[in-house]
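Comments concern the structure below.
Protein chains: 4
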Amino acid sequence: MEPLRAVTEVGARFVATCEQVMPALAEHADVHDRDGTFPMEGLEALKASGMAAACVPVAHGGWGLESLHDLSVGLSRLAHGDASLTIAINMHLAATWTVATVAANERAKGRSAAAPNALLGLLGGGAIAMVNATEAGTDNRHPFTELTRLDEADGGGWSLSGTKIFSTLSPVADVIMVSARTRHPEGGDDAWQAGFALVFAGNDGITVNDDWDAIGMRASGSGSIVYDDVRLAEEQFLAGNAWGRWTSSGVLSLLSGNVGLVATFLGIAERAHDLALEKATRVARKAQGTAHESDPGVRRAVAEMEVALAGARAVLARCCLELDDLVRGQVLAEIPLADVHRVHAHFQAAKLIVQRAAIDVVDSAMTVAGGSAYLATSPFSRLYRDVRAGPFMQPFSPIEAWDYIGSVALGQEGDEAR
Amino acid sequence: MEPLRAVTEVGARFVATCEQVMPALAEHADVHDRDGTFPMEGLEALKASGMAAACVPVAHGGWGLESLHDLSVGLSRLAHGDASLTIAINMHLAATWTVATVAANERAKGRSAAAPNALLGLLGGGAIAMVNATEAGTDNRHPFTELTRLDEADGGGWSLSGTKIFSTLSPVADVIMVSARTRHPEGGDDAWQAGFALVFAGNDGITVNDDWDAIGMRASGSGSIVYDDVRLAEEQFLAGNAWGRWTSSGVLSLLSGNVGLVATFLGIAERAHDLALEKATRVARKAQGTAHESDPGVRRAVAEMEVALAGARAVLARCCLELDDLVRGQVLAEIPLADVHRVHAHFQAAKLIVQRAAIDVVDSAMTVAGGSAYLATSPFSRLYRDVRAGPFMQPFSPIEAWDYIGSVALGQEGDEAR
Amino acid sequence: MEPLRAVTEVGARFVATCEQVMPALAEHADVHDRDGTFPMEGLEALKASGMAAACVPVAHGGWGLESLHDLSVGLSRLAHGDASLTIAINMHLAATWTVATVAANERAKGRSAAAPNALLGLLGGGAIAMVNATEAGTDNRHPFTELTRLDEADGGGWSLSGTKIFSTLSPVADVIMVSARTRHPEGGDDAWQAGFALVFAGNDGITVNDDWDAIGMRASGSGSIVYDDVRLAEEQFLAGNAWGRWTSSGVLSLLSGNVGLVATFLGIAERAHDLALEKATRVARKAQGTAHESDPGVRRAVAEMEVALAGARAVLARCCLELDDLVRGQVLAEIPLADVHRVHAHFQAAKLIVQRAAIDVVDSAMTVAGGSAYLATSPFSRLYRDVRAGPFMQPFSPIEAWDYIGSVALGQEGDEAR
Amino acid sequence: MEPLRAVTEVGARFVATCEQVMPALAEHADVHDRDGTFPMEGLEALKASGMAAACVPVAHGGWGLESLHDLSVGLSRLAHGDASLTIAINMHLAATWTVATVAANERAKGRSAAAPNALLGLLGGGAIAMVNATEAGTDNRHPFTELTRLDEADGGGWSLSGTKIFSTLSPVADVIMVSARTRHPEGGDDAWQAGFALVFAGNDGITVNDDWDAIGMRASGSGSIVYDDVRLAEEQFLAGNAWGRWTSSGVLSLLSGNVGLVATFLGIAERAHDLALEKATRVARKAQGTAHESDPGVRRAVAEMEVALAGARAVLARCCLELDDLVRGQVLAEIPLADVHRVHAHFQAAKLIVQRAAIDVVDSAMTVAGGSAYLATSPFSRLYRDVRAGPFMQPFSPIEAWDYIGSVALGQEGDEAR
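Line by line, the protein sequences are chains A, B, C and D.
Heads up: the first sequence is residues 1 to 418, going by the numbering used here.
Heads up: the second sequence is residues 1001 to 1418, going by the numbering used here.
Heads up: the third sequence is residues 2001 to 2418, going by the numbering used here.
Heads up: the fourth sequence is residues 3001 to 3418, going by the numbering used here.
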């Protein structure tokens, strides 16, 4: 059935570029998967194609891609070649999208957009950005990585300390947006302010560990980063919401990265489907002398993949288009939180559907392909291990997503921490 | 979450009109359900609203609605009030859409569109049309209702005989398009030609039986019609494809009616969902003194409804938009059959997803609402019985749909009869 | 596949008797379903077969059936004929089993079993017993029907008032065990004691309403009963646990009735399966000239029914045998509550599996049988409406069951009220 | 909930022994999984425990275990430690069971059981046996490995040639039962006879390849074996059925190995469940200060695992007990084929349920355990990769199983090849 299509012109360019560069990624994917190495040559291919700067505004040398729908469609294509690198570059693209949107928001409010503009300059010039959010034992809204305000005597500014895990893209990131908290100047003991610390690779006190060794997504460079008294200038802390609170801009920048993640798993499923169909039409049964594809069981399994993909594509696309509609021309922080929760609940529903579909399609595809699909050298090996990363992506785990969706539907989701 | 929205201006008018007239339908739905009577006052309300002529071209006094997507969205809203009447009026609207499209196609080919134009005149003037396709023991592509060519001595023309069942809308239809077959003039014993006989209510030889008595959809007027030597003029037979064959125009006119049917079941599910949420937020537990909605099990069940509806809406909308794209400005008969099969497979996937979602949502809604939902006087009684009609709608039963989808995906679906 | 089989000799007699009497029930089931009347002639047939006294000890004129597994197997067979009457007689059989077990427990403790013995005498003589537990807005562990102690001046004893709903078997019950609460003599304001009031049909103040009108189970006589100052002698209150508390004897007597309920839904599914297979092997397709059963989609749907039934039978049987093992020769009240929760969680798992299987099998069976299965006169009409009663049976609704099972597995289920 | 329990005394000994030896297996499982090596020290532990000879009759120095139910229960326990070694030793145990049953059958018919007795002598003395059945491009009933009868001039006997894959246990097997075919002496071109060639490790012409490298089950020693003109004595071919035909003894010996296979996947799921519960009760959420287990989503996920396991255990146990009943004291070849198909269909249903449950439970367990479950060093890594082997186990793949079950239910399964 119909794959997803871009809805904007620049989006179509992005999708076409992803399709063109995909085979180059596919070529080395298995080796990086086996060795757990980051696909440097793949990253270079992405940069060379120009797509890495797709979300940078034209004024800063990029393509000005704004549609998160089209971004997702392109990433789903890229994932046919290498899902690890896809979630890695998604991290950079989403960070870029957020910075570009913040810059536009600032301009719209008549404020100086000096800080985001400086960053966009770097990104337009080829720098790679990442968001660094995950910590052990807590969720994304409650970071324990901490910024301490330094006395003027010590030169002022901030000291950043903490440990992050699942730091996808870390081997190559030039700019790191680290979620952190700091005590609110006027607050009491429990008054924490959250935000992002803007850190540059190579700063003193940063250790990027080469310790990523997982079941799948092995080439995504998702090891840990330790921040030990990293010194930052005053303006390197972008203060956000009260710690633990939902805010419109917080959720929307999070969604900008998560739609692409989910699209990656759609791409994995599409790849498994394509491989299975290829196999089904090639395999013969020696004794019966019939092609595998003429088996009603095979047709049924193929149909189940088709239906799962049809459902997954449709709900992901519809949710992304709704998100595009919500943010188009708006100042993120001014979008009513209730609207944001509604779209977020829609996204969580889409994510549940896509992740389930992706896991099921890979499973069915392996069954259609037969016993050889279980061999370590089979292309299904990587797909089977990669696809299981999906449900771990925060927020939310499948365990939490249902409760969130239900509470939004019942009008129970306030701006309080859950 | 977001309900479906029209994408055209006239579509938006259609949807708004459906929403306005819906409560009037809801008012009498239970009585007609109980008694198995056709909602005459509801039909009058639909006519009065103008929506019954929505698919009639503007030139013939209608609204010129062409988007099957928007038609479906409106029907999903109408179904909140009375699903029986919704599938009945859908029959008329789809027949109108087909006639209007055929007329446009004829004009585009520079041919006289006299016959369809005449019909459009009637429809613009308030006539109600229906397609009459289902027979016992066979599928829609293989009608056994037969047209026999009459000798010139007998006045020429045709004699029509056969029995149809599930003849939705039959109590009020003015014009009936009866699927039938006739021996091909040049053919051998097995050479049958299929097509539609254009019959007018009240013609000699037609018996519309008041014998519809089903588990649900009891107000849809879906009894049997017996045609016994009904005499037709030469031009009252619209010859189509060879009997049993897939043709582009055949499938597309069939889909024009089926998208609205599926949308009806989405509407049933939405109604069940709304009732359940109302109930969940009202009910208290005497002993615990807590509201039902604060129960994590209730939130989960609500979330399951939300996710099912999100998936159903998205795939139905995406499939309808693809169908709109395919037929826009095209001569139906000239659209490549492979493209038609691809969209039809997409539709069958959407249908499987929506029907499953609709049945599951009604089930979950009843669970959320609690034991009173099992009473005959509960609004859930009708929804529970109506929703089960979905999987019986031809083509295809769930049994056949999987095989069809799989065979299209594997490139096995030729124009041969299955 | 293999239907369930009795594991005891008397159980085998019970199952055989159920099989023999079943056709007589089937004969009138549709009429009672349509009219919502209680099948008096069916009840007489059950009495005449002796099975109504199956759980009465031999010494009191019964068969001495103790195995709840075998009781359930027999009821699953009976449900092939009339599910309404099956859940009604189950109510009586479970009440009998509980009284017989309590009597044996009393004897084992060397106590007088005068009260239960008296009751067993009545039951051995043909009396029909029922438990009356359900009230609106609360669960079974928190009845609000209340017993008030009367002054000696008023003759002592108790006054019972309250309203029960879903009072299955009420049109014919001679003895009613009404769950109720009373203020604990020594307790403060919140100190309630729960237990059963033993009431006889025809006592002053009892109104058995003929108000049962539901989607299905229409012949089960499940209307409401109002108790308005019903006067009871001292010994007619069987004091149980603190109100709202789980107790071993409370849960086990509840399970004694619930295993048979669940077995009934298995029987409904088996009946639907049998009808579908009959239909599949009879139906031909006129155009193709092939039997329906040769369709791979039909084989698949049949297989899905087989698998669902295999799973449902196995888990119901294994759970019932575990329950039989737990209570065999034990004093109910002395069985550790943790063991009881473990078996109850097993039962809730079995119930979820059987109810889901039953609903799915009826659905698949209707699909296999084709469009005629949707007619009101089809045998599937009653099965489709009856089977949906399952998830409403307390405890637990599917909403609550998951939480209970999870909490037992996590060791969180104390004897506190939930 | 209740794990499965043995139903015979010797079975209880077997299960207890499996539980005792399991931790020793667990100790080295991860290393063998990583390196793809066969767990020699684990095999020695199994031999030392005596369990490897469990199915050898007492007269030949074994335990005389006959119940396939109890065999399966023990294997499910063993799989908690190392699933690879469990499917390997199952291969040996099932081969032993079949030889012991054949010997008993021969004696029962008053025939010499010299050949099976000789084999039992070896097995009682510590020899390891395996069945070698799988070939690429065909199913188990249609082996293409071929026996050619040699002229008396060449010394008579047979020459065996062919290639087998998925030869589990091959690194250590002393005795190999190779499924093969030979031209029927009286037959025409298409008349093939099937049966087993009895081969001893180290015979000339056998190459056991160290080429097993799969996603999971990496320590099972399942590489390929090439037979190139292996010379066999006359009596080393155990002639069976006509090639491609179902026979009672063929199916039953196959089932003897397959019940243990399925039990292994149950064991994998149980292990995943246990690990997840351990994790759920240990993990805390730093920000909220609450234990993970108090989350309703966690309780729900745990409950889903419980229900899946309850269903899987019950249906596997019931099917095994039915199989035990069928073969007890019977000559395998004389059991009516229809009965065998009925039990086989039951087994296929059980297999579908258990495999689905196992995959789902591992998935849920990983979700409950959280992101660390995705690391290569997590115990879930092996479970996730091992569990996917299940659906590949022949016969049948999930694709074929549905069709087989449906055809048996519809009475269409003759003794003809499918």
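Virtual Cβ for every residue (Gly too), placed ideally from N, Cα, C.
- prompt: In this structure, does DSSP put R3285 of chain D in helix, strand or coil?
  reply: strand
Please report the residue range of the alpha helix (DSSP H) in which G2121 of chain C lies. A2114 to G2124
query = So which of C:Y2404, C:A2373 and C:D2274 has the shortest CA-CA distance to S1397 of chain B?
reply = C:A2373
Inset, instruction - Spatial neighbours of V1015 of chain B within its chain, please: CB distance less than 7 Å, with the 5 preceding and 5 following residues excluded, ordered by chain position. - result: A1006, D1070, V1073, G1074 and R1077
ask   = Out of curiosity, what's the CA-to-CA distance linking V10 of chain A and P2296 of chain C?
value = 47 Å
* Asked: What residues in the segment 3277–3301 of chain D have a beta carbon less than 9 Å from any beta carbon of chain C?
  -> L3277, A3280, T3281, E3293, S3294, P3296, V3298, R3299, R3300 and A3301
Regarding T2148 of chain C and the ligand MN, is the C-beta to nearest heavy atom distance less than 7 Å?
Here there are no bound small molecules, and the ligand MN is not part of this structure.
_Nearest-angstrom Cα separation, counted from P2379 of chain C out to H3341 of chain D_ = 30 Å
Close beta carbons around L1383 of chain B, own chain, < 6 Å, minus the five adjacent residues each side: I1268, A1272 and V1362
Strictly under 8 Å for the Cβ-Cβ distance: is I1335 of chain B near chain A by that measure? no
Against chain D, does R389 of chain A count as a neighbour if the rule is that its beta carbon must be under 8 Å from one of theirs? A quick correction: the sequence has Ala, not Arg, at residue 389 of chain A. True, the Cβ-Cβ gap to chain D drops below 8 Å.
Rounded separation between S2294 of chain C and H1142 of chain B - CA only: 19 Å
Anticipated Cβ contact below 8 Å, L3004 of chain D with C3055 of chain D, distance rounded
That pair is no contact at about 18 Å.
*At what residue ranges does the segment 2180–2205 of chain C contain a whole run of the alpha helix (DSSP H), taking only runs of 4 or more?*
none
8 Å Cβ cutoff, W2097 of chain C in contact with chain D: no
>> Since A96 of chain A and L123 of chain A should fall inside the 8 Å C-beta cutoff, what is the C-beta to C-beta distance between them, to a whole number of angstroms?
In response: What sits at residue 96 of chain A in the sequence shown is Thr, not Ala. Going by Cβ atoms, the distance from T96 of chain A to L123 of chain A rounds to 5 Å, so yes, they are a contact pair.
Where do the N-terminal and C-terminal ends of the alpha helix (DSSP H) with F14 of chain A fall, by residue? E9 to D35
Just to check my reading of the structure: G1202 of chain B and D1210 of chain B have Cβ atoms closer than 8 Å, yes? What is that Cβ distance to the nearest angstrom? Rounded, the Cβ-Cβ distance is 16 Å, inconsistent with contact.
When Cβ atoms are compared, which residues of the segment 67–89 of chain A fall closer than 9 Å to chain D?
none
| Listed from N- to C-terminal order along the chain, which residues in the segment 249–268 of chain A have their beta-carbon within a distance smaller than 7 Å of any beta-carbon of chain B? | none
According to the neighbour-count rule (16 or more other Cβ atoms, all chains shown, within 10 Å of its Cβ), is T2377 of chain C buried or exposed? exposed
**Prompt:** Can the beta-carbon of G2390 of chain C be found less than 8 Å from the beta-carbon of A2358 of chain C?
**Reply:** yes
Mind listing the chain D neighbours of L2352 of chain C? Cutoff is C-beta to C-beta under 8 Å, in chain order. V3307
| Along the segment 315–326 of chain A, what residues have a CB closer than 9 Å to any CB found in chain B? | V315, L316, A317, R318, C319 and E322
| message | Along the chain, where does the alpha helix (DSSP H) containing R2356 of chain C start, and where does it finish? | response | L2337 to A2369
Starting from E106 of chain A and walking both ways along the alpha helix (DSSP H), at which residues does that stretch end?
A83 to A108
Q. Which whole-angstrom value describes the C-beta separation of L169 of chain A and I128 of chain A, a residue pair presumed to lie in contact below a C-beta threshold of 8 Å?
A. 7 Å
Open item on the list: So that I know if they touch, is there some Cβ in chain D lying closer than 8 Å to that of L375 of chain A?
Closed with: yes
- Query: Is the shortest distance between the beta-carbon of H1341 of chain B and the beta-carbons of chain A less than 8 Å?
  - Reply: no
Name the residues in the segment 1213–1239 of chain B whose C-beta lies less than 9 Å from a C-beta of chain C; which are they? D1213, A1214, I1215, G1216, M1217 and R1218
**Message:** Please identify, using Cβ separations under 7 Å, the residues of the segment 379–406 of chain A that lie next to chain D, in order along the chain.
**Reply:** S381, Y384, R388, A389, P391, F392, S397, P398, I399, E400, W402 and D403
### Task
Output, in sequence order along the chain, the residues in the segment 3143–3175 of chain D whose CB is closer than 7 Å to any CB in chain A.
F3144 and F3166
Checklist entry - Are there 16 or more other CB atoms within 10 angstroms of the CB of G1968 of chain C, so buried, or fewer, so exposed? => result Not covered by the structure: residue 1968 of chain C. The range shown for chain C is 2001 to 2418.
*Exposed or buried, what is R3356 of chain D when buried is set at 16 or more other beta-carbons lying within 10 Å of its beta-carbon?*
buried
Inset, instruction - Please report how far the alpha carbon of M51 of chain A lies from the alpha carbon of V251 of chain A, in whole angstroms. - result: 25 Å
Legend entry - Distance CB(G1260 of chain B)-CB(N1090 of chain B) smaller than 8 Å: yes
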